[in-house]
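One structure below.
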Amino acid sequence: NNNMKKIIAAALLASAFATPAFAEGNSTYLLAEYGSATYTNMSPFKDPGKLGLGFGYMFSNTAGIELGYTMFGDSTIVGNGQATLAASSFHPALVATLPVTPQFDFLGKIGLAMNKADLTSTVGITAATSKTSLYFAAGAQYNVSPQVGLRVIYENFGDFESGSPAMAASAITGGVTLKF
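Anchor point for the sequence shown: position 111 equals 503 in my numbering, and the numbering is continuous, going up by one each time.
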């Protein structure tokens, strides 16, 4: 009976030290990104800017999940009429980080991109397309403080349609993460 009390006391003491260490890597964060996107197979439309918003949860200091939404800037061409291309992507992803120092991490993401593009024109031509594609990203993050990080990342959103050659998009972005 006395041994059982010692075992229970040791287990409680061990769990008291283990729980904070396990919880230390857990964090929820918001993400805001701005950058430059590149369209593939969409000439003569110009490459747009990109604004991204995200919400993530890190299970540990090396693994997590992220829900991201990207709005690509409208790209317009003018000739005898005017045509505008608008695109967006919702991309849930798994996130992996490689902490190099307490302030610097490499990161990678892989998931799905649910892409959508709409074409409108002043001459009555409209088109809409959507496709789910592989999404991946790689970059680095500098942690200014335990709550704020600055990130630079390359993202590939894959194809936006099933046709050939298909519209595709990628981007180089800078962003800010806010942990809470």
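Beta carbons: idealized from backbone N, C-alpha and C, even for Gly. As the structure is a prediction and not an experimental result, all values here were calculated from the model.
Thinking just about the alpha-carbon of each residue, which of the options is nearest to the one in residue i?
i: Leu654; options: Ala532, Gly555, Pro440, Gly541; result: A question about residue 654 goes unanswered here, because the residues of the chain that appear run from 393 up to 572.
i: Ala530; options: Asn548, Gly541, Pro436, Leu542; result: Asn548
i: Tyr421; options: Pro436, Gly446, Thr430, Ser435; result: Gly446
i: Glu458; options: Ser554, Leu542, Lys438, Phe528; result: Phe528
i: Lys358; options: Leu542, Asn418, Gly460, Val492; result: Absent from the structure is residue 358, since the part of the chain shown begins at 393 and ends at 572.
i: Asn418; options: Phe496, Gln539, Ala519, Gly500; result: Gln539
i: Ile488; options: Ile545, Gly456, Ala429; result: Note that residue 488 corresponds to Ala in the displayed sequence, not to Ile. Checking every option, the nearest Cα to that of Ala488 belongs to Gly456.
i: Gly555; options: Gly500, Val492, Ala520; result: Ala520
Which residue marks the beginning of the beta strand (DSSP E) containing residue i, and which one marks its end?
i: Ile392; result: No information on residue 392 is available, as it lies outside the stretch 393 to 572 that the chain covers here.
i: Ser537; result: Segment: none, Ser537 is in no beta strand (DSSP E) and carries neither H nor E.
i: Phe447; result: 441 to 450
i: Ser419; result: 419 to 432
Give the straight-line distance between the Cα atoms of residue i and residue j, rounded to the nearest whole angstrom.
i: Leu486; j: Ser537; result: 23 Å
i: Ile517; j: Ala475; result: 8 Å
i: Ile469; j: Asp510; result: 14 Å
i: Pro557; j: Phe572; result: 43 Å
i: Ala415; j: Val568; result: Unreliable positioning characterises Ala415 in this predicted model, as indicated by a pLDDT of 47, which lies under 50. The coordinate reading is nonetheless provided below. Spanning the two alpha carbons is a distance of roughly 23 Å.
i: Gly566; j: Gly427; result: 6 Å
i: Ser513; j: Phe498; result: 42 Å
i: Phe451; j: Leu423; result: 17 Å
i: Leu490; j: Gln533; result: 10 Å
i: Phe464; j: Asn453; result: 30 Å
Skipping 5 residues on each side, what residues in its chain have a beta carbon closer than 7 Å to that of residue i?
i: Val515; result: Gly473
In chain order, what residues of the same chain lie with their CB nearer than 8 Å to the CB of residue i, ignoring the 5 residues before and after it?
i: Ile466; result: Note on identity: in this sequence residue 466 is Asp, with Ile being the wrong assignment. Here the set comprises Pro440, Thr476, Leu477, Ala478.
i: Asn433; result: Pro557, Ala558, Met559, Ala560
Using C-beta distances below 6 Å, list every residue in its chain close to residue i, excluding the 5 sequence neighbours before and after it, in chain order.
i: Lys508; result: Ser480, Ser522
i: Thr524; result: Leu504, Met506
i: Glu425; result: Gly444, Thr565, Gly567
In the DSSP output, which residue or residues are listed as bridge partners for residue i?
i: Met463; result: Leu443, Ser480
i: Lys523; result: Asn507
i: Glu553; result: For Glu553, which the question treats as bridged, DSSP gives no partner whatsoever.
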